[in-house]
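What follows is one structure encoded as structure tokens, with my remarks underneath.
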Amino acid sequence: MAIVSRGFRGRPRGGDAALPPGQYLTEDFPVLSTGPTPRVSTDRWELTITTEVGVEHTWTWRDLLTLPHEKPEVDLHCVTKWSKLGTRWQGVSLDVLLEDVETSADYAMVRSYGGYTTNLPLLDLLDGQAWIVHRYDGADLAPEHGGPARLLVPHLYLWKSAKWVRGIRLMREDSPGFWEAVGYHDYGDPWREQRYQGD
Numbered sequence: 000m001a002i003v004s005r006g007f008r009g010r011p012r013g014g015d016a017a018l019p020p021g022q023y024l025t026e027d028f029p030v031l032s033t034g035p036t037p038r039v040s041t042d043r044w045e046l047t048i049t050t051e052v053g054v055e056h057t058w059t060w061r062d063l064l065t066l067p068h069e070k071p072e073v074d075l076h077c078v079t080k081w082s083k084l085g086t087r088w089q090g091v092s093l094d095v096l097l098e099d100v101e102t103s104a105d106y107a108m109v110r111s112y113g114g115y116t117t118n119l120p121l122l123d124l125l126d127g128q129a130w131i132v133h134r135y136d137g138a139d140l141a142p143e144h145g146g147p148a149r150l151l152v153p154h155l156y157l158w159k160s161a162k163w164v165r166g167i168r169l170m171r172e173d174s175p176g177f178w179e180a181v182g183y184h185d186y187g188d189p190w191r192e193q194r195y196q197g198d
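Residue 0 is where the sequence shown starts when you use numbering that gives the first Met the number 0, and the numbers rise one by one after that.
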């Protein structure tokens, strides 16, 4: 099984002031995945946030669509060194989803359909920094880009923006996700080139 799916294209171009160090600009939207693309119908999609004491808060697709939506326009930075600027999304802020969730957790583990996981500090999901998005560039989000819905955390490397999101488990202590367990950085700040452990 290939580690990275087909669809990665682009040639390095330097000199772009808006890019983090070590990145090059692409006009494409490369598709990189750790395995087969899950095909999740909106009829069976749901998102569950589980607190550190086991309390679950669950939204169906219909629930998600009734929540207040935002249209963030953000730059994306992949750990494989490409960046795509000015991407346009539509979705629900994590501030809305976490508004009535009582927690004293400091960390979150994001889980995807297909088994992928990634860890983040809870603070990085708050204050207008993260969304559950379901539309990209004016259209429904395609499965290869994480549809029907994905997490979007644009201030971190793109592997933190888990595709095919299905749940978020809140935790008092940090724990590595899929890529973090094999050597990727626990945080992943592109402006500090936090690609791998020790960076």
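Glycine included, every Cβ here is placed at the ideal spot set by N, Cα and C. The structure presented is a predicted model; accordingly, all values stated were derived computationally and were not measured.
- Going by DSSP, Thr65 is part of no beta strand (DSSP E) but of the alpha helix (DSSP H) stretching over 60–65.
- A contact is defined here as three or more CB-CB pairs under 8 Å, and the region 92–108 meets this definition with respect to the region 127–145.
- Beta bridge pairing from DSSP links Ser111 with Val164.
- As a beta-bridge residue in DSSP terms, Tyr183 pairs with Tyr195.
- A check of alpha carbon separations from Thr102 across Met108, Arg171, Gln193 identifies Arg171 as the nearest.
- When secondary structure is reduced to three states using DSSP, Leu121 falls in the helix class.
- Comparing alpha carbon positions, the residue from Trp81, Ser174, Arg43, Leu150 closest to Phe28 is Trp81.
- For the 8 Å CB-CB criterion, Thr41 and Pro147 form a contact.
- Pro20 is classed as exposed because its beta carbon has fewer than 16 other beta carbons within 10 Å across all chains shown.
- In summary, Gln196 is exposed, with fewer than 16 beta-carbon neighbours lying within 10 Å of its beta-carbon over all protein chains present.
- Around the Cβ of Pro35, a 10 Å sphere holds fewer than 16 other Cβ atoms; the residue is exposed.
- Judged by beta-carbon spacing, His184 lies within the 8 Å limit of Asp198, meaning their Cβ atoms are closer than that value.
- Rounded to whole angstroms, the separation of the alpha carbons of Val109 and Cys77 is 18 Å.
- The beta carbons of Thr57 and Leu46 sit closer together than 8 Å.
- For Leu150, the enclosing beta strand (DSSP E) starts and ends at 149–151.
- A distance below 6 Å between beta-carbons, with the five flanking residues on each side excluded, links Leu157 to the following residues of its chain, in chain order: Leu75, Cys77.
- With respect to Tyr135, Thr33 sits apart: the two C-beta atoms are not nearer than 8 Å.
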